[in-house]
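In our numbering, the protein residues as written are 869 to 1030.
Only one structure is covered here, and it is reproduced in the block below.
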């Protein structure tokens, strides 16, 4: 039996940057957006890499050289849209079955020439099975997507006002 659909987690932020710059900074600076303590590796994270293409991955590289691919890039449409998988299960371990992974869509909408609304939607949480509430509270809580977007806003503010 297919689980009932769960309401997506939705977060947004408006940044003072043209849409092209807002999009580029999200991808190019994802290493600074993702908190280092969000780590599935045994060693500390040295770098988070966002491969900017469909079929690419988002992955962490640890200080010992180990690597953790925790996301697949499903759509890459500069400067308006990115979709990537969330391959992390309810127990905060990697999930290898794509049918048990949720998705994150990030849309960039120009409000005017120098302002962009960034809309993040984390959907298909029910795919995580009975543990989906744990995923939802983790990504929707203050330390989840709100923190990522706060860090992103700080980066845009610093980078665009240079």
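Just so you know, even glycine gets a beta-carbon here, dropped at the ideal spot from N, CA and C.
No experiment lies behind these values; they were computed from the predicted model shown.
Which partner residues does residue i have in the DSSP bridge list?
| i | result |
| --- | --- |
| residue 970 | 954 |
| residue 926 | 918, 939 |
| residue 978 | 984 |
| residue 882 | 985 |
| residue 945 | 949 |
| residue 887 | Per DSSP, none; premise fails for residue 887. |
Near residue i, what residues of its chain come up, given a Cβ to Cβ distance below 8 Å and the 5 sequence neighbours on each side ignored?
| i | result |
| --- | --- |
| residue 971 | 942, 951, 952, 953, 954, 990, 991, 992 |
| residue 1020 | 881, 883, 893, 894, 897, 901, 986 |
| residue 899 | 915, 916, 917, 918 |
Count the other CB atoms, across all protein chains shown, that sit within 10 Å of the CB of residue i; report buried if there are 16 or more and exposed otherwise.
| i | result |
| --- | --- |
| residue 981 | exposed |
| residue 1013 | buried |
| residue 984 | buried |
| residue 988 | buried |
| residue 995 | buried |
| residue 945 | exposed |
| residue 940 | buried |
With H, G and I counted as helix, E and B as strand and the rest as coil, what does DSSP make of residue i?
| i | result |
| --- | --- |
| residue 984 | strand |
| residue 874 | coil |
| residue 991 | strand |
| residue 962 | strand |
What residues in its chain sit with their C-beta under 7 Å from that of residue i, if we drop five residues either side in the sequence?
| i | result |
| --- | --- |
| residue 932 | 911 |
| residue 1029 | none |
| residue 890 | 883, 976, 984, 986, 1024 |
Quick check: the Cα distance between residue i and residue j, rounded to an integer number of angstroms?
| i | j | result |
| --- | --- | --- |
| residue 1004 | residue 873 | 13 Å |
| residue 880 | residue 934 | 33 Å |
| residue 886 | residue 1009 | 28 Å |
| residue 909 | residue 929 | 8 Å |
| residue 1000 | residue 963 | 13 Å |
Starting from the C-beta of residue i, find all residues in its chain whose C-beta is less than 6 Å away, skip the five residues before and the five after it, and write them out in chain order.
| i | result |
| --- | --- |
| residue 1016 | 901 |
| residue 907 | 913 |
| residue 917 | 927 |
| residue 956 | 938 |
Examine chain C for any beta-carbon lying closer than 8 Å to the beta-carbon of residue i, and answer yes or no.
| i | result |
| --- | --- |
| residue 936 | Absent from the structure is chain C; it holds one protein chain and no more. |
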